[in-house]
């Protein structure tokens, strides 16, 4: 390699670093991010062992051929390969050490063995910065305690909640939850056991709500429905809690309306939608139309959605329901073109957003030849 080639290579890497490591309050252009990410993840010096090996089976060159959102369709959906891959092989070589690793996290195991992803420190910081900005936009109170009726352990949402509560100036209270046990009970026809476990979770929350100051509560729709059946808990929540954030499972429009207008009328209700496979999620859009819509805008261009007809792979028209495809493009992880187990109504995105926004999210009945069981998460 001559001096000119070496200078070009150094210049390319410098540009990639500037884009992928841009300040947390800045957002790169979509094309700029996509091209920088392709150079990073598929260069031998910086890419992960997983993607460098997987690239040998691709019939295109990501560094030469991926420039736009539509180009992400060139990638196969590789998420099922993440059930068995070594976590070390997912870490891009460009980081240089495990000191940059925030954690290894798993999917909920809804459609089989859990899939694993790595979350790097820089990505967690970027996601938390985005989430805090969205919480502030919705008037989420600061300097109050949070109660999370959500999974922790291998689930990334629990890790994010700990950081989110701390940055907001509050204490995080948690309950001990294993959502996979509930799904196992339901899958084996043991609905009574699943119900008893859900009641065990509610009882843990009851003690915390009775004895601690709680201003924000984060939970799942199935658990919120159980809490709403107890008059004492409804009274405690309405008296103490300012904001309820729900996520991890789906909530239909009628249930959401009932919670907002009759059960918890003085509490702000906010939805969250995401996936381990995108290392994060999005909060419900602030509704300025008065239509009581529940629309989710992703952290673009790092996270993007499209809503497609699974039979053709083409986008459905705006306002129509289709299956959700998710993409995660960042320095720490590359997971493009992942067909999720959700359907949603395709919504027009805000100006400048990559891909679609989504509304009225609901689960498919089956996925990868397995029944979809939500349980409590």
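In the UniProt record's numbering, the protein residues as written are 1 to 377. Here a beta-carbon is modelled for each residue, glycine too, at the ideal position from N, C-alpha and C.
- Query: Below 8 Å, can you find three or more Cβ-Cβ pairs linking the region 244 to 254 to the region 145 to 159?
  - Reply: With the cut-off at 8 Å, the region 244 to 254 and the region 145 to 159 touch.
- Query: Which residues mark the beginning and the end of the beta strand (DSSP E) in which residue 43 is found?
  - Reply: Residue 43 -> no beta strand (DSSP E), and no H or E assigned at all.
- Query: Who are residue 284's beta bridge partners in DSSP?
  - Reply: 296
- Mind checking who residue 343 pairs with in its DSSP beta bridge? The secondary-structure analysis by DSSP pairs residue 343 across a beta bridge with 323 and 362.
- Query: According to the Cβ coordinates, are residue 299 and residue 333 closer than 8 Å?
  - Reply: no
- Query: Are there three or more Cβ pairs, one per stretch, closer than 8 Å when the region 80 to 97 is compared with the region 31 to 51?
  - Reply: The region 80 to 97 and the region 31 to 51 touch, with no fewer than 3 CB-CB distances between them shorter than 8 Å.
- Find out if the Cβ-Cβ distance for the pair residue 141, residue 236 is shorter than 8 Å. no
- Does the Cβ of residue 212 have 16 or more other Cβ atoms within 10 Å, making it buried, or fewer, making it exposed? exposed
- If you count every other CB in all the chains shown that lies within 10 Å of the CB of residue 340, and 16 or more means buried, which is it? buried
- Given residue 18, which residues of its chain have a CB within under 6 Å of its CB, disregarding the five upstream and five downstream residues? none
- Residue of 125, 135 and 87 minimising C-alpha distance to residue 118: 87
- Nearest neighbour of residue 129, chosen from 327, 229 and 26 [CA to CA]: 26
- Task: Would you kindly check if the distance between the Cβ of residue 315 and the Cβ of residue 306 is under 8 Å?
- Result: yes
- Message: Taking 6 Å as the limit between beta carbons, can you name the residues of its chain near residue 6, skipping five residues before and five after?
- Response: Per-residue confidence for residue 6 stands at a pLDDT of 45, beneath the threshold of 50, marking its modelled position as unreliable; the derived number appears in the next sentence. For residue 6, where only same-chain residues beyond five positions count, there are no Cβ hits under 6 Å.
- Task: List the residues that DSSP assigns as beta-bridge partners of residue 101.
- Result: 120
- DSSP beta-bridge partners for residue 246? 219 and 271
- Query: Would the beta-carbon of residue 348 fall within 8 Å of that of residue 302?
  - Reply: For residue 348 and residue 302, no; Cβs fall outside 8 Å.
- Message: Can you tell me which residues form a DSSP beta bridge with residue 67?
- Response: Residue 67 pairs with nothing; no bridge assigned.
- For residue 216 versus residue 241, is the C-beta distance shorter than 8 Å? Contact flag set, yes.
- Task: With a floor of 3 residues, list each beta strand (DSSP E) that falls wholly inside the region 111 to 165, ordered by position along the chain.
- Result: Counting whole runs of 3 or more residues, the region 111 to 165 contains the beta strand (DSSP E) stretches 116 to 120 and 146 to 148.
- Query: How would you call residue 14, buried or exposed, if buried means at least 16 neighbouring beta carbons within 10 angstroms?
  - Reply: exposed
- Query: Between residue 205 and chain D, is there a C-beta pair that is closer than 8 Å?
  - Reply: Among the chains in the structure shown there is no chain D, since it carries only a single protein chain.
- Message: For residue 365, which residues in the same chain have their Cβ closer than 6 Å to its Cβ, ignoring the five residues on either side in sequence?
- Response: none
- Query: Does the distance from the C-beta atom of residue 161 to that of residue 146 stay below 8 Å?
  - Reply: yes
- Message: Please classify residue 171 as buried or exposed, where buried requires at least 16 other C-beta atoms within 10 Å of its C-beta.
- Response: exposed
- Does DSSP put residue 27 in a helix, in a strand, or in coil? coil
- Query: Would DSSP call residue 58 helix, strand or coil?
  - Reply: coil
- Message: As a quick exercise: from 208, 286, 323 and 297, pick the residue whose alpha carbon is nearest that of residue 137.
- Response: Checking every option, the nearest Cα to that of residue 137 belongs to 286.
- Please report how far the alpha carbon of residue 194 lies from the alpha carbon of residue 180, in whole angstroms. Their Cα atoms are separated by approximately 10 Å.
- Task: Could you check if residue 24 is buried or exposed, using at least 16 other CB atoms within 10 Å of its CB as the buried criterion?
- Result: exposed
- Task: With residue 255 as the anchor, note down where its alpha helix (DSSP H) starts and where it stops.
- Result: 253 to 258
- Counterpart residues of residue 307 in DSSP-defined beta bridges: 324
- Message: I'd like to check one pair, residue 51 with residue 330: are the Cβ atoms closer than 8 Å?
- Response: In this structure, residue 330 keeps its C-beta atom at 8 Å or more from the C-beta atom of residue 51.
- Message: Taking a contact to mean a Cβ-Cβ separation below 8 Å, would you say residue 322 touches residue 342 in this structure?
- Response: no
- Message: Taking the alpha carbon of residue 176 as the reference point, which residue from 357, 276, 219 and 256 has its own alpha carbon closest?
- Response: 219
- Query: With distances taken between CB atoms, is the gap from residue 82 to residue 56 smaller than 8 Å?
  - Reply: no
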